[in-house]
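Numbering (this note's numbering), first residue to last: 6 to 559.
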């Protein structure tokens, strides 16, 4: 019976690991708003233990509810289990997130079966997977009366079930950090863990765990396979102390510093700012290394009647050299590259080009129907024709053109944007009559030269047509789609849930900054909107082009 939940979780996770391209059957819908605010206050639930005289069904129901209390390794929940089974149950095998009102119980022979309808699942590694809509899952429980006449569970599926309201408070998302293959950027891999003992769970994921399968070929870890974490990370006087195995002592300084950087950056999402690696209680001499920022200028980057540049309070600040070249080229779409010295643009004739701050313009793709290009942090410009998603092309700064194999198994692609660390590519694809937001890992060598796009992960469905796609921060993608009279804005966490709200009417473009709260949308009449809580607030008029940005703001 324990295998049932594990099999369910494995089946639901296939969308994350499939390498055969975009699925064309089944249903992918926006996930519940499970909440990923790492600054929200902790809520610790202390569920009740078994009550004297409880029926077999009441024991099962109490056991499932007790999953809201992970303290002391789910000590309260284990009270519902028979004494010889308590240590066999494995609550960390996975989580089913469901709706409490949809649960139902039936008795089958000597078992009580709980039927749940998963909204999402979390696997043992903390990876979030959206569930197929409406697929019910049976969870059987075996019980027996003890010598004192009380019912106790003698067999249960491994893992826990949490309704979506409890899940928001018991679990939280954390960024497990890796490096890109050039060791210049930190790349987040979102995981979900209980807030109780979160430090140890995050550190164990970094040191002992593995990246999410879809991202594994696109990132690297500084931690060698033979280095392990002692299973406890205490917080002493504000310092997280990570005890590592003795193999750490034989590592070179560069590796140790990278390990320190990766672990420290991962624990920041648990509000820990000081991390100390230790071996046998002695501090390991290691320091954080500098990594490249993925922050962008918080101002809107636009073309209006006054020119091209950063717009703030009605004042336009041009980019030296680049603004004049962009005004002359009159592009319909612009993405600014790292260092603000080059931009990838879509020209009026439909070709994609690179424009640099010395005034030069170089066409990189003249294929029919090419989408607005995206430029990665290495200056490589990515292009693809809308009608031929498999023909992804990457053009390097020296003019070298690479045909990049991809897993875009679809009939059409409507938008494509690369993350600011260059390790993930987002796209809106159409397959089997459905439009979907997907993401794939970008596979590169140690010099940053791309070789392939990895397996596509389906994140959520979107309404056609697409009006804008942008990275809103390091883990969140925004999409504007749907009919012009009633477009929708989808905010999707990669490795988490989606939220969907109305977008401004006649939306034609969007851009992000450094937070999902700073998203901007341009309407066809030139009105620029920014989101303020639940409303879209007008901030400018007369905007002709709303550009997106890559790179740091330095």
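Cβ coordinates follow ideal geometry from the N, Cα and C atoms, glycine included.
Keep in mind the model is a prediction, meaning the values are calculated, not measured.
{"Asked": "Alpha-carbon spacing of residue 259 relative to residue 438, whole angstroms", "Found": "50 Å"}
{"Asked": "Sequence-distant residues of its chain with Cβ nearer than 6 Å to residue 513 (five each side left out)", "Found": "472, 527 and 529"}
{"Asked": "Contacting residues, own chain, Cβ-Cβ under 6 Å from residue 356 (five flanking each side not counted)", "Found": "368 and 371"}
{"Asked": "Cβ shell of residue 491 (< 8 Å), same chain only, five flanking positions each side left out", "Found": "507 and 510"}
{"Asked": "Inter-residue spacing [alpha-carbon to alpha-carbon] between residue 279 and residue 243", "Found": "7 Å"}
{"Asked": "Residue burial classification, residue 333 (beta-carbon count within 10 angstroms, cutoff 16)", "Found": "exposed"}
{"Asked": "Coil, strand or helix - residue 64 by DSSP", "Found": "helix"}
{"Asked": "Test item: CB-CB of residue 203 and residue 275 under 7 Å", "Found": "yes"}
{"Asked": "Under 7 Å between C-beta atoms of residue 117 and residue 110", "Found": "yes"}
{"Asked": "Among 521, 489 and 197, nearest to residue 495 - alpha-carbon criterion", "Found": "521"}
{"Asked": "Beta bridge counterpart(s) of residue 90 as assigned by DSSP", "Found": "DSSP output for residue 90 lists no bridge partner at all."}
{"Asked": "Within-7 Å CB hit, residue 393 to chain D", "Found": "In the structure shown, chain D does not exist; there is a single protein chain."}
{"Asked": "Cut-off 6 Å between Cβ atoms - residues of its own chain near residue 208, not counting five sequence neighbours on either side", "Found": "234, 238 and 247"}
{"Asked": "Buried/exposed call for residue 27, threshold 16 Cβ in 10 Å", "Found": "Model confidence at residue 27 stands at a pLDDT of 35, short of 50, so the residue's coordinates are unreliable and nothing is read from them."}
{"Asked": "For residue 406: DSSP bridge partner residues", "Found": "400"}
{"Asked": "Residue 322 versus residue 311 - alpha carbon distance", "Found": "10 Å"}
{"Asked": "As assigned by DSSP and simplified to three states, the class of residue 97", "Found": "helix"}
{"Asked": "Short Cβ contact (7 Å threshold) for residue 175 with residue 211", "Found": "no"}
{"Asked": "Whole-Å CB distance - residue 83 paired with residue 91, under 8 Å assumed", "Found": "4 Å"}
{"Asked": "Inter-stretch contact at 8 Å, needing at least 3 Cβ pairs: the stretch 384 to 392 / the stretch 153 to 167", "Found": "no"}
{"Asked": "At least three beta-carbon pairs within less than 8 Å, the stretch 285 to 304 to the stretch 531 to 547", "Found": "no"}
{"Asked": "Own chain, CB closer than 7 Å to residue 33, minus 5 neighbours either side, in chain order", "Found": "Any reading at residue 33 is ruled out, since the residue's pLDDT is 36, under 50, leaving its predicted position unreliable."}
{"Asked": "Selection from 132, 126 and 120 that minimises the alpha carbon distance to residue 141", "Found": "120"}
{"Asked": "Straight-line gap, residue 47 to residue 195 (C-alpha atoms, nearest Å)", "Found": "Residue placement at residue 47 cannot be trusted, given a pLDDT of 49 that sits under 50; the coordinates are not used to answer."}
{"Asked": "Close beta carbons around residue 458, own chain, < 8 Å, minus the five adjacent residues each side", "Found": "397, 409, 410, 411, 412, 413, 430, 445, 446, 447 and 448"}
{"Asked": "Host alpha helix (DSSP H) of residue 328 (start-end)", "Found": "327 to 334"}
{"Asked": "Cβ-Cβ separation, residue 428 to residue 185 (assumed contact under 8 Å), whole Å", "Found": "5 Å"}
{"Asked": "Boundaries (first-last residue) of the alpha helix (DSSP H) holding residue 78", "Found": "76 to 83"}
{"Asked": "Those runs of the beta strand (DSSP E) which lie wholly inside the stretch 448 to 494 and span at least 3 residues", "Found": "455 to 458, 462 to 466, 471 to 476 and 481 to 486"}
{"Asked": "Buried versus exposed, by CB contacts within 10 Å (16 or more), residue 152", "Found": "exposed"}
{"Asked": "Contact set for residue 129: own chain, Cβ-Cβ below 7 Å, skip 5 residues either direction", "Found": "97, 98 and 99"}
{"Asked": "Buried/exposed call for residue 555, threshold 16 Cβ in 10 Å", "Found": "buried"}
{"Asked": "From 386, 382 and 536, residue whose alpha carbon lies closest to that of residue 426", "Found": "382"}
{"Asked": "6 Å Cβ shell around residue 557 - same chain, five flanking residues per side excluded", "Found": "298 and 300"}
{"Asked": "Exposure label - residue 489; buried when at least 16 CB within 10 Å", "Found": "exposed"}
{"Asked": "Exposure label - residue 150; buried when at least 16 CB within 10 Å", "Found": "exposed"}
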